[in-house]
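Just so you know, the protein sequences line up as chains A and B, in that order.
Going left to right, the first sequence walks through residues 1 to 192 as this note's numbering numbers them.
Going left to right, the second sequence walks through residues 1 to 664 as this note's numbering numbers them.
Ideal Cβ placement from N, Cα and C applies to all residues, glycine included.
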Amino acid sequence: MKPIKRISRGVVAVAALLMISAYFVPLWQILMWAPQYPEGLEMKIWIDTLSGDVKIISALNHYIGMKHIEVEMFPEFGYMIYIVAVLIGVGLLAALWGKRLGLWIFAGLLVATGIAALVDFYLWGYDYGHNLDPTAAISIPGMSYQPPLIGTKQLLNFTAFSGPDIGGWIFMVSAVMAIGALVYEIYINRTK
Amino acid sequence: MDKKTILRSLLVVATLVGITVLQMCKPQAPASVSGSDAAVKAYVPPGQYDEFYNLVSGGFSGQMSVYGLPSGRLFRVIPVFSEDPTTGYGYSEETKAMLNTSHGYVPWDDLHHPAVSTTNGEHDGRWVFGNANNTPRVARIDLKTFRTSEIIELPNSGGNHSSPFITENTEYVVAGTRFSVPVGDKTDVAISTFKENFKGYISFISVDPKDGKMNIAFQLKTPGVSFDLARAGKGPSHGWFFFSCYNTEQAYTLLEVNASQKDKDFIMAVNWKKAEEYLAQGKGEKVKARYARNRYDESTHTATSEMLTEVLQLDPAVLKDIIYFIPCPKSPHGCDTDPSGEYIVGSGKLAALIPVFSFTKIQQAIANKDFEGEFAGIPVIKYESALHGEVKKPGLGPLHTEFDANGNAYTSFFVSSEIVKWNVKSLEVLDRVPTYYSIGHLCVPGGPTRKPHGKYVIAYNKITKDRYLPTGPELTQSAQIYDITGEKMKLILDFPTIGEPHYAEAIPASLIMPQSTKIFKIEENNHPYVAKGEGQAKVERKGNEVHVYMTAIRSHLTPDNIEGVRVGDEVYFHVTNLEQDWDVPHGFAIKGAANAELLIMPGETATLKWKPLSVGVYPFYCTDFCSALHQEMQGYIRISPAGSNVPLKYSTGKTDDTAAGAGR
Numbered sequence: 001m002k003p004i005k006r007i008s009r010g011v012v013a014v015a016a017l018l019m020i021s022a023y024f025v026p027l028w029q030i031l032m033w034a035p036q037y038p039e040g041l042e043m044k045i046w047i048d049t050l051s052g053d054v055k056i057i058s059a060l061n062h063y064i065g066m067k068h069i070e071v072e073m074f075p076e077f078g079y080m081i082y083i084v085a086v087l088i089g090v091g092l093l094a095a096l097w098g099k100r101l102g103l104w105i106f107a108g109l110l111v112a113t114g115i116a117a118l119v120d121f122y123l124w125g126y127d128y129g130h131n132l133d134p135t136a137a138i139s140i141p142g143m144s145y146q147p148p149l150i151g152t153k154q155l156l157n158f159t160a161f162s163g164p165d166i167g168g169w170i171f172m173v174s175a176v177m178a179i180g181a182l183v184y185e186i187y188i189n190r191t192k
Numbered sequence: 001m002d003k004k005t006i007l008r009s010l011l012v013v014a015t016l017v018g019i020t021v022l023q024m025c026k027p028q029a030p031a032s033v034s035g036s037d038a039a040v041k042a043y044v045p046p047g048q049y050d051e052f053y054n055l056v057s058g059g060f061s062g063q064m065s066v067y068g069l070p071s072g073r074l075f076r077v078i079p080v081f082s083e084d085p086t087t088g089y090g091y092s093e094e095t096k097a098m099l100n101t102s103h104g105y106v107p108w109d110d111l112h113h114p115a116v117s118t119t120n121g122e123h124d125g126r127w128v129f130g131n132a133n134n135t136p137r138v139a140r141i142d143l144k145t146f147r148t149s150e151i152i153e154l155p156n157s158g159g160n161h162s163s164p165f166i167t168e169n170t171e172y173v174v175a176g177t178r179f180s181v182p183v184g185d186k187t188d189v190a191i192s193t194f195k196e197n198f199k200g201y202i203s204f205i206s207v208d209p210k211d212g213k214m215n216i217a218f219q220l221k222t223p224g225v226s227f228d229l230a231r232a233g234k235g236p237s238h239g240w241f242f243f244s245c246y247n248t249e250q251a252y253t254l255l256e257v258n259a260s261q262k263d264k265d266f267i268m269a270v271n272w273k274k275a276e277e278y279l280a281q282g283k284g285e286k287v288k289a290r291y292a293r294n295r296y297d298e299s300t301h302t303a304t305s306e307m308l309t310e311v312l313q314l315d316p317a318v319l320k321d322i323i324y325f326i327p328c329p330k331s332p333h334g335c336d337t338d339p340s341g342e343y344i345v346g347s348g349k350l351a352a353l354i355p356v357f358s359f360t361k362i363q364q365a366i367a368n369k370d371f372e373g374e375f376a377g378i379p380v381i382k383y384e385s386a387l388h389g390e391v392k393k394p395g396l397g398p399l400h401t402e403f404d405a406n407g408n409a410y411t412s413f414f415v416s417s418e419i420v421k422w423n424v425k426s427l428e429v430l431d432r433v434p435t436y437y438s439i440g441h442l443c444v445p446g447g448p449t450r451k452p453h454g455k456y457v458i459a460y461n462k463i464t465k466d467r468y469l470p471t472g473p474e475l476t477q478s479a480q481i482y483d484i485t486g487e488k489m490k491l492i493l494d495f496p497t498i499g500e501p502h503y504a505e506a507i508p509a510s511l512i513m514p515q516s517t518k519i520f521k522i523e524e525n526n527h528p529y530v531a532k533g534e535g536q537a538k539v540e541r542k543g544n545e546v547h548v549y550m551t552a553i554r555s556h557l558t559p560d561n562i563e564g565v566r567v568g569d570e571v572y573f574h575v576t577n578l579e580q581d582w583d584v585p586h587g588f589a590i591k592g593a594a595n596a597e598l599l600i601m602p603g604e605t606a607t608l609k610w611k612p613l614s615v616g617v618y619p620f621y622c623t624d625f626c627s628a629l630h631q632e633m634q635g636y637i638r639i640s641p642a643g644s645n646v647p648l649k650y651s652t653g654k655t656d657d658t659a660a661g662a663g664r
C-alpha cells in the first residue's frame, strides 16, 4: 500500500477536525418569505435538533394539511451524532495510518454520507409535501408542497429556499480537502 | 341731464369707489400654503419609517397617542387613564385594577403631559410618564410594550396639572396640585376659609432605576396656591426644581378675575437635594393618607391594586432653605429650563414679555439674602436679583418654551397664535410664524433634555376651524410641524390628532424601535388560568363560577363547544393566545356581554367575565382578523336554565360527541 505525503496527512487531519464544528453550528437551512413575512421565516437543521420559526411554519402549513414538524419525527437526530463521530474518527485514523487506501476510505465515506443525507432529506421532503391531511382547509387539486432539495421554489404565497448552513459548508470544505488530497496523491505518483 | 341725474350718477360712482377702497383696505386672509419643498420634507414614502416617535397627550381622552414624525401618521392610542373597550383595558379581569383609586374604579381622566425618562438629562427610551389631571395620579408606560405598567394616586392633591416632570436621571417624577385643598382631619370646612385651611402639596415620586416602580418619596407642604407647570434643573441646576404658580391671590371663586389681580405671581424654586438631607435627618413627618398604587405584572399579565395609608411630609415653612419664591409676571404658566440648566423661562399667560431667570443669580440672591419679603413664611427673592433679562415684545400670551441645540428658544403664544423663536442668551427675537389656531403646547424633539435633537417644532393647537373638512360642531384637534433647520421656521405639515393634545415629546426612533416587544413568551406566562397548549384547555366549575381555560391559535378556539352552563353562573373566559409570531393578536367577544372585547397578544392570557342572563346558545368569535380562516374562528356556549342538570362538557372538533366531559 502506498504511503502518502506528510502534507496530505495534515490536510486529512484538518478536514476531520473541521467536522467537529457540526456539533456546534447548524448544518442546513430552509428560508421562507411571503407577503406577510417580509422579514422571512427560517428553519435551521442541526446535528440533533431543529431551531428557528418551526412552530410558526407548522402553524401556517396546517392550513394545507402538512404535518406538524417535530424533532421526534426525525430518527436521524438520534444517530447523526454517531455518524459524524465515525467520520471524524476515520479521517483521523487515515491521517495516522498514512496510506492511500485510508484516504480512499475517508473520501469515499464523506461523499457517500453526503449523498445519503440528500436522499434522506429528499424522501422526507417528498412525504412532507405530498402526504397531506385530506380534511385540510386549503386543498388545491394537483398541488403538492415538497420543499426544494437545494435552491429556491415558489409554493403558493411562499418563496422557499433550501441550502447548506455554516456546518454544511464546512462539511463540503472537508470533503473537498479529502478529495483534493486524494487527487494530489494520485497526481504526484503518476508524474513520478 | 338735469341736476338730479348728475347728483345720482355722482353718488353711484362715489359708492363704487368707496366699496373698492374698503375692499383694498381689508386685511389679507392668513396664508394657507407653505413653501414648495414642504411636502418633500414631511413625506415619508410607503414602506419607510419615520425618524421620530411623537408621544402626544390625549387630553380629555385620558390616553396617550403615538405619531410618527415628520409624517404625522398615527400609530397607536395607548389606554392610560380611560377605559378602552377596544383592547379590553379596564374591562378585562386583568386590567380592572389599573383604574382603581381611593374613590373606587374611575373610568376616565384627563392626561395633559407626557415625560420621557432620561439618564444624565438625555432620553433613554425606557418609560414615558403621564399625569391624570382630574383624579390626581401619575402613570408609567413601558416603551417596550407601549402599555401602562403602573399608576400611582396622589393624596392631598386636587387636580394634578403640574406633573409628571422628571429630574435628570429620572430620580423623581413630580406632581404639583392645581387646586389647593383642605387636608387631614379638617376637610369639612367652609370654602371661604381658603387661606386658613387650604394647602398646596408637591409630591416627589421616586422611580426605581431597575424596574421603574414608583413610590411617593415625600410631599412638600406649600402655601395654598395653584401649581401650574414645572421643570427640573439640569447640569449645574440639577438638584433643583422650578414650579410656576398662579392664584397667589388665594382666590376661591371667579378666579378668572380674582386670580388675575396681582402684577406678579411666583415661580417656586425647590432645592430637593436639601429636602433629601432633611429626610435623612429624620425630619419628615409620617401622615395618614389613603391612595392606590396599581401595578401591571408582565409575567402574570395581571394588574394588582394596593391601598397605601401613609405619606412622608416636609414643611418648608419650618424647614428652611427647601423652597424660595421668585416673582414672575401675570399668572405664569410654562416654566422651562434651557438645555444648559442655567436659564429658567417663565411664561406669564397674560404678559406681553418673557422673563428669563438665571440659576447663578438665584443662587447669589439666596446667598446674599436678597429678599423682598416673605409669602406664607417662604422667602421671596427680588425679581431683579434673579433676572437674566426679559424678551421684549415677543407676542401676547406666552405659554410654553422648548429649546433646540443651538441656544434658541421657541415659545408658543396662545393669544397671538404664533411661535416665536428667540435667542436664550441675547434675548433677541429671531423669527415668528403664525399657527392655525391658538397654539397651546409645542414640542421640539428632545426639547426638555440636555441634548435636544432639534429639526422640527410641532405646534399643538386648540382651534382648527377652517383647516379641515367640518364634522359638525365638534372639529378635529390638530398639530402642525415646522422645519427649524434653517434660520426661518417653515410650516411643512398639518395633521389631525386625537384629542385634545396638550404637551408632547418626540424621541428618535432608534432609541425605541430596536427594543420593541414582539411577543410574550408562552413559557414565561405565569397567569393562574393560562392554558399553554390545546391539551390544557378545559372548563371547570367552582360553585356558580365557570372558568373556561380557552386557547386561540390560527384559526380556532379551544374549546369551541361548551355546554352545562346555567343562568346565574358567572363565566370567566380565560383566553390564551398560543401564537408566538409577531403581529398575530386574537380577539374574543361573546353575544350580549355587558362588557367589552378582549384583544390578546401572542403568548398573553386575558379574561372576560360574562354573566348570561337568559337561556340560549350564545355565539362567540375571534374579533381580530387573524388569518384567511378568521371568519371560521367561532364557537358556541349553551346556557341552560338555573338548576338545570345538563352536564358540563366541552370540546373542539368533535362532531359526534355524546360522552360527558369529553375534551379533545
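Of the listed residues the options, nearest to residue i (C-alpha basis)
i        : options                                : result
Ala509/B : Arg137/B, Pro79/B, Pro445/B, Trp272/B  : Pro445/B
Asn525/B : Thr193/B, Gln580/B, Ser478/B           : Gln580/B
Lys186/B : Val548/B, Val128/B, Glu196/B           : Glu196/B
Pro26/A  : Glu42/A, Ile166/A, Leu93/A             : Ile166/A
Gln250/B : Ser206/B, Gly282/B, Phe179/B, Glu277/B : Phe179/B
Phe227/B : Arg554/B, Met489/B, Ser331/B           : Ser331/B
Val673/B : Asp50/B, Ser65/B, Asp624/B, Asn406/B   : Beyond the ends of chain B as shown, which are 1 and 664, falls residue 673/B; an answer cannot be given.
Thr497/B : Leu74/B, Ser117/B, Ile419/B            : Leu74/B
Leu648/B : Gln281/B, Gly603/B, Leu578/B, His547/B : His547/B
Thr135/B : Leu99/B, Gly535/B, Leu442/B            : Leu99/B
Gln219/B : Phe371/B, Lys41/B, Ile202/B, Gly212/B  : Ile202/B
Lys673/B : Ile507/B, Asp624/B, Ser555/B, Trp582/B : Outside the shown range of chain B, which is 1 to 664, sits residue 673/B, and nothing can be said about it.
His400/B : Val457/B, Ile381/B, Gly158/B           : Val457/B
Where residue i meets chain A, residues with beta-carbon distance less than 7 Å
i        : result
Ile553/B : Ala59
Burial state of residue i, where buried means 16 or more other Cβ atoms lie within 10 Å
i        : result
Asn120/B : exposed
Leu319/B : buried
Ser82/B  : buried
Leu111/B : buried
Lys234/B : buried
Asn160/B : buried
Ala662/B : Bear in mind that the predicted position of Ala662/B carries a pLDDT of just 43, short of 50, making it unreliable; the figure below should be weighed with that in mind. It is exposed - the Cβ of Ala662/B has fewer than 16 other Cβ atoms within 10 Å.
Glu123/B : Rather than Glu, the amino acid found at residue 123/B in this sequence is His. Label assigned to His123/B: buried.
Arg450/B : buried
Arg6/A   : exposed
Ala660/B : Note on Ala660/B: pLDDT 48, under 50, position unreliable in the model; no value is reported.
Gly447/B : buried
Ser426/B : exposed
Thr95/B  : buried
Neighbouring residues, chain B, relative to residue i (Cβ below 9 Å)
i        : result
Ala112/A : By Cβ distance, chain B contributes nothing, its closest Cβ being about 39 Å from Ala112/A, past 9 Å.
Per-residue contacts from residue i into chain B (C-beta, under 7 Å)
i       : result
Ile64/A : The premise fails here: Ile64/A is roughly 11 Å from chain B at the closest Cβ pair, so nothing lies under 7 Å.
Lys55/A : Gln580
Contact list for residue i against chain B, beta-carbon separation under 8 Å
i        : result
Ala160/A : Near Ala160/A there are no residues of chain B at all, since even the closest Cβ is about 17 Å away, more than 8 Å.
Residues in the stretch 572–598 of chain B with C-beta within 8 Å of chain A's C-beta atoms, listed in sequence order? Glu579, Gln580, Asp581
Please list the residues of the stretch 617–640 of chain B that have a C-beta atom closer than 9 Å to any C-beta atom in chain A, keeping them in chain order. Ser627, Ala628, Leu629, Glu632
Of all the residues that make up the stretch 16–38 of chain A, which are near chain B by a beta-carbon distance shorter than 8 Å? Taking a C-beta cut-off of 8 Å against chain B, none of the residues of the stretch 16–38 of chain A qualify.
Select from the stretch 115–142 of chain A all residues with a C-beta closer than 7 Å to any C-beta belonging to chain B, and list them in chain order. Of all residues in the stretch 115–142 of chain A, Ala137 have a Cβ within less than 7 Å of some Cβ in chain B.
Report yes or no: do the stretch 427–438 of chain B and the stretch 465–482 of chain B share at least 3 C-beta pairs separated by less than 8 Å? yes
Do the stretch 588–603 of chain B and the stretch 71–87 of chain A meet, that is, are 3 or more Cβ pairs less than 8 Å apart? No contact exists between the stretch 588–603 of chain B and the stretch 71–87 of chain A.
How do the stretch 101–117 of chain B and the stretch 309–328 of chain B stand: do at least 3 beta-carbon pairs fall below 8 Å, yes or no? no
If we count Cβ pairs, one from each stretch, closer than 8 Å, do we get three or more for the stretch 241–248 of chain B versus the stretch 330–347 of chain B? yes
Determine, using beta-carbon pairs with one atom in the stretch 391–399 of chain B and one in the stretch 345–361 of chain B, whether at least three such pairs fall under 8 Å. yes
Pairing CB atoms from the stretch 561–574 of chain B with CB atoms from the stretch 606–616 of chain B, are three or more of them under 8 Å? yes
For the stretch 532–539 of chain B against the stretch 611–619 of chain B, are there 3 or more C-beta pairs whose distance is under 8 Å? no
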